[in-house]
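Protein chains in written order, with the numbering used here: chain V, 304 to 541; chain Y, 304 to 541.
What follows is a set of notes on a single structure, which appears directly below.
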DNA sequence: CGCGTCATTGATGTGCATCAAGTGGTGTGG
DNA sequence: CCACACCACTTGATGCACATCAATGACGCG
């Protein structure tokens, strides 16, 4: 996730260590889109990057930090939609209605790159690979959400938690962190909201996974002792 | 949904009665994208338009008919992802991996417009409104899937069925059909797969809605007697 | 220390799955 | 034209997973 680099004025995608995750383009293409990122923004833990109803202008590429994406329901309670980490894009929800539907709160201090949507449109016309990549990003998000839909429709509590942990650990691993150790940034309640479970059920699912020797859990520090067993729980969906 | 017009060689988006639903662009823009749709294809009831694993080349705009979109799971059973009707787009799932993940089967005889993806890319560069619209389509699909995720995570059987019926009736209504009468194209089992419920539960949910005077059900003919009550069941989500 | 937040654990209740039987409509063949 | 089979669906009985209610524990902080 790299060290924080607050308020730097040097914005250089081509030399960003997240380049391959965030914008996998050729060196050539990078020279032509060097005006894509207009700014960096730091977001303190607990601060909102997106707010429901806000006008859609920008996409945000997460440079560091960890975000919870959620809806505020009419009842006032929040519904967690997902969690995003470095190299991932926030803000695609605003495209349809020109307003953001989601809220995005930083669960740890974060830094994001600001990508004005107009700019993406213009540059996409010059750089087909960028156009294509924007589509891929959206398609990826779509597939992710549909997998989630599947999970909620067909898997039980233990399987849902297993899938959640496996997904997190894989994403952390892609970013150079241990595949077997992870530190949860969110509460059990937020996990529950995301997985369609109550907090007690999440807790019991953790307990079960510990009892079967698959996990070691100390508060939010998770140690995956038996990745194969964890994977086996996630029934081959597709 | 308009009459079938099999194998016509005249492809004229600008004068299509689904224009506003499918491609809401200006007359001016239409002249510049008149090569977007390269062909029409008829799909007989029961035939597959998309097959899991097929190379992604085209998007399809549904001109008439009704499709079931589903995955074939490793276990061999099918998981319904959604249902698409005229004016809607099929095929966005293939963008990420260049292969289609979904299967799409026609639940009634259908006709689709073939939109080569390369062509969309090229024309998007000339017509910003088209580029924008492709993004909107994907964003819409994303929002739809996320609402589904919410439904599966938080609503009970009756509420899920209510939401499903209300959504179908609204979409039919947008296409000029009665808001209160609809004919289901899919089996109870397919509804159940989509809603994360077993067939018996779907059946019981129908029975409940009939008992409370909200619906009149005769096999697949649904009459919505009390739309307000049906809407009230769909707890204000957002 | 006392309080708040987060998490775990236990006891009980409920909604949906599962198992099982039966209905009604449709198609087929004698 | 009826007997039979098949399919989609409905209905009932029972079991189980998760929700709910309630109590307690662990940690951090003013």
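All C-beta atoms, glycine included, are put in the ideal place defined by N, C-alpha and C.
All values derive from a computational prediction rather than experimental measurement.
Interface flag for residue 446/Y against chain V is set, since a Cβ pair is found closer than 9 Å. By DSSP's assignment, residue 402/Y forms a beta bridge with 358/Y.
Using a Cβ distance threshold of 9 Å, residue 498/Y and residue 463/Y count as a contacting pair. Residue-level contact by beta carbon holds for residue 431/Y and chain V, with a gap shorter than 9 Å. 9 Å or more divides the Cβ of residue 387/Y from the Cβ of residue 356/Y. For residue 486/V, the nearest beta carbon of chain Y is not closer than 9 Å to its own beta carbon.
Rounded to whole angstroms, the gap between the alpha carbons of residue 343/Y and residue 328/Y is 20 Å. Residue 492/Y sits in a helix when the DSSP states are folded into three classes. In the three-state reduction of the DSSP assignment, residue 523/Y falls in the coil class. Contact annotation for residue 457/Y against chain V: 382, 499 [CB-CB distance below 8 Å, chain order]. Assigned with DSSP and collapsed to three states, residue 511/V falls in helix.
Contact of residue 424/V with chain Y by beta-carbon distance below 8 Å involves 431, 434, 435. Interface annotation, residue 403/Y: not in contact with chain V, CB-CB separation never under 9 Å. Per DSSP, reduced to three states, the secondary structure at residue 334/Y is helical. When Cβ-Cβ separations below 9 Å define contact, residue 351/Y makes no contact with chain V.
Using a 10 angstroms sphere on the CB of residue 433/Y, the tally of other CB atoms reaches 16 or more, which defines it as buried. Within chain Y, no C-beta atom comes less than 8 Å from the C-beta of residue 332/V; the nearest is roughly 15 Å away.
Residue 470/V and residue 489/V have their C-alpha atoms some 15 Å from each other. Buried is the label assigned to residue 406/V, since at least 16 other Cβ atoms lie within 10 Å of its Cβ. Of the other Cβ atoms in all chains shown, 16 or more fall within 10 Å of the Cβ of residue 453/V; this residue is therefore buried. In this structure, residue 533/V and residue 465/V form a Cβ contact; the two beta carbons are roughly 5 Å apart against a cut-off of 8 Å.
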